[in-house]
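Residue numbers (numbering that gives the first Met the number 0): 0 to 221. Note that beta-carbon positions come from the ideal geometry of N, C-alpha and C, so glycine has one too. Taking it in order: structure first as structure tokens, then the write-up.
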Amino acid sequence: MAFPTQSLPDPLPRNPFTLAAEWLEQAMADADQPNPNSMVLATVDAQGQPSARVLLCKELLVKSGGVVFYTNYESRKGRELETTSRAAVVFHWDHRHRQVRVEGLVERVPESVSDAYFASRPWQSRLGAWASKQSQPIASLATLRERMGATARHFDIAYDGPGTPEPAEVNVDIPRPLHWGGYVLVASAVELWVEGPFRIHERVRWTRVSREGEWSTERLQP
């Protein structure tokens, strides 16, 4: 279902995350796509080579202005984030004619926060975090499945493949591996975009010098 285009509010919010969070909440309620909280995360390595991939936003920190996501710290994106501490994300909801861009510095969330989120994940996903050396080469999918089986045996879990039901009488207390956890992208710049007819789009960019600083705004030509 397509929704009519809505202009940005006037006056504009002082904090762009209030509107970004509202847009995300509406997209979640619309259920117009399987993962309305999906976003493209762009990182850059020490040589300046960029890379991008789609992953899920797990929380928008409205008051402080941040985007929370989780990954393997030893993956390509994890290594690049540890090296440069810089990233950008893009949300795009085509049915709502809206886009959100966020740029800034990245830091790890507290370990207690990563622990709590990891514990909420399905046990199969927690097994996968232990079994997969993310971004590293592997001989075959069968080899990865063998690693999953070996990891399950290590935790005393009967595992027969992706369709294995939730064990009823075995220990599924799988702790978070130290190489896996959360990041928060602390925004220094946010752009909200609303599609307009004949490319007369609305673009407004918010910037701030520090996380405690006030946001300033400017309209951009499309």
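What does DSSP give as the partner residue(s) for residue i in the beta ladder?
i, result
"R107", "Y182"
"H91", "Q98"
"S139", "Its beta-bridge partners do not exist; DSSP assigns none."
"V203", "L191, R218"
"N71", "W179"
"S37", "L55"
"V43", "P49"
"L60", "G65"
"R85", "L104"
Would you call residue i buried or exposed, if buried means 16 or more other Cβ atoms sit within 10 Å of its Cβ?
i, result
"A130", "buried"
"N71", "buried"
"I173", "buried"
"E168", "At E168, the pLDDT of 45 sits below 50, so the modelled position is not reliable; the number obtained from the coordinates is stated separately. By the 10 Å Cβ count, E168 comes out exposed."
"K62", "exposed"
"W22", "buried"
"W53", "Note that residue 53 is Val in the sequence shown, not Trp. V53 is exposed by the Cβ-count criterion."
"V208", "exposed"
"S113", "buried"
"P15", "buried"
"F2", "exposed"
"R175", "buried"
"G212", "exposed"
"Y95", "What sits at residue 95 in the sequence shown is Arg, not Tyr. R95 should be labelled buried."
"L219", "exposed"
"F197", "exposed"
"L18", "buried"
"L59", "buried"
"A87", "buried"
"A115", "exposed"
"A275", "This structure does not reach residue 275, given that the chain is present from 0 up to 221, and the question cannot be answered."
Between residue i and residue j, which are expected to be in contact by the criterion C-beta below 8 Å, what is the C-beta distance as a whole number of angstroms?
i, j, result
"P35", "A41", "Contact flag wrong, Cβ pair sits at about 20 Å."
"A26", "W92", "5 Å"
"Q133", "S74", "4 Å"
"G64", "R210", "7 Å"
"R230", "W214", "The displayed coordinates of the chain run from 0 to 221. Any statement about residue 230 would go beyond what the structure contains."
"M38", "F117", "Not a contact, Cβ separation roughly 20 Å."
Would you say residue i reaches chain C, if we count a Cβ-Cβ gap shorter than 9 Å as a contact?
i, result
"A138", "The question asks about chain C, but that chain is absent: this structure has only one protein chain."
Can you find at least 3 beta carbon pairs, one from the stretch 30 to 49 and one from the stretch 82 to 102, that sit closer than 8 Å? Three or more beta-carbon pairs separated by less than 8 Å link the stretch 30 to 49 to the stretch 82 to 102, which places the two stretches in contact.
Kindly confirm or deny that the stretch 191 to 201 and the stretch 89 to 100 touch, where touching means at least three C-beta pairs closer than 8 Å. Judged by Cβ distances under 8 Å, the stretch 191 to 201 makes contact with the stretch 89 to 100, as three or more pairs qualify.
Any 3 or more C-beta pairs closer than 8 Å across the stretch 115 to 128 and the stretch 137 to 151: Yes: at least three Cβ pairs fall under 8 Å.
May I ask you to verify whether the stretch 104 to 118 touches the stretch 173 to 185, counting CB pairs closer than 8 Å and requiring at least 3? Note that the stretch 104 to 118 touches the stretch 173 to 185; at least 3 beta-carbon pairs, one per stretch, sit closer than 8 Å.
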